[in-house]
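Shown next, in structure tokens, is the structure this report addresses.
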Amino acid sequence: MGSSGSSTKSHSPPTSPPSAKRSHARKPSAISASIQGDDVDSPFLPLSIISPDPYDPEVIGRRFPWGFADPYNPEHCDFVKLREYVFSDWRSELREASREQWYEGWRTTRLEQGRRRVVTSHGPASKGLSVPTANGRATSAGNQDSRPYRPNQY
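Residue numbering for the sequence shown follows our numbering, starting at 2 and increasing by one per position.
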């Protein structure tokens with residue numbers, strides 16, 4: 002077998018020329034496309050959340066077809082006031098709501114899932130309260146005997 006340069010495969014990853022650098026430029030949104038196209042029947046509202054642009058760190062705002070939006074300019078944007086109220090005045094309420102609604106719900110679900118997996122000598126642990134022991138295994142209240150749940154054991 003003869004070897005030719007065109008049939009030889011390289012095991013190194015292909016490299017791109019510097020001009021083919023991956024672009025992180027934003028694509029026009031559906032709102033700006035509908036504004037540019039003057040689409041009257043567009044279902045999009047002309048509302049947008051404006052935050053600093055991560056792709057262009059020296060510019061804080063964003064340029065739109067209708068002008069430049071700077072989130073830190075209090076003359077036309079309430080971002081600074083909103084951020085101040087949400088993260089200073091409502092911080093304790095947000096923490097409390099987060100803990101009560103989302104974390105406790107998630108925690109309860111996880112504990113209930115764990116309770117179904119444990120079987121004690123008196124039957125499934127779901128009949129009683131699941132209590133963790135020193136070795137990390139859950140047992141039913143008042144009973145320290147436990148073994149892992151095996152569905153075909155009944």
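Ideal Cβ positions, reconstructed from N, Cα and C, are used throughout, including at glycine.
- Secondary structure of residue 68 (DSSP, three-state): strand.
- Residue 66 counts as exposed, since fewer than 16 other beta carbons sit within 10 angstroms of its beta carbon.
- The C-beta of residue 75 has fewer than 16 other C-beta atoms within 10 Å across all chains shown, which makes the residue exposed.
- Rounded to the nearest angstrom, the gap between the Cα atoms of residue 64 and residue 115 is 51 angstroms.
- Sequence-distant Cβ neighbours of residue 111 in its own chain, meaning closer than 8 angstroms and more than five residues away, do not exist here.
- Inter-residue distance for residue 95 and residue 56 is about 30 angstroms (C-alpha atoms, whole angstroms).
- Under the DSSP assignment, residue 76 falls outside any alpha helix (DSSP H); it carries neither an H nor an E label.
- Looking at the DSSP output, residue 63 sits in a beta bridge with 70.
- Take the alpha-carbon of residue 73 and the one of residue 113: they are about 46 angstroms apart.
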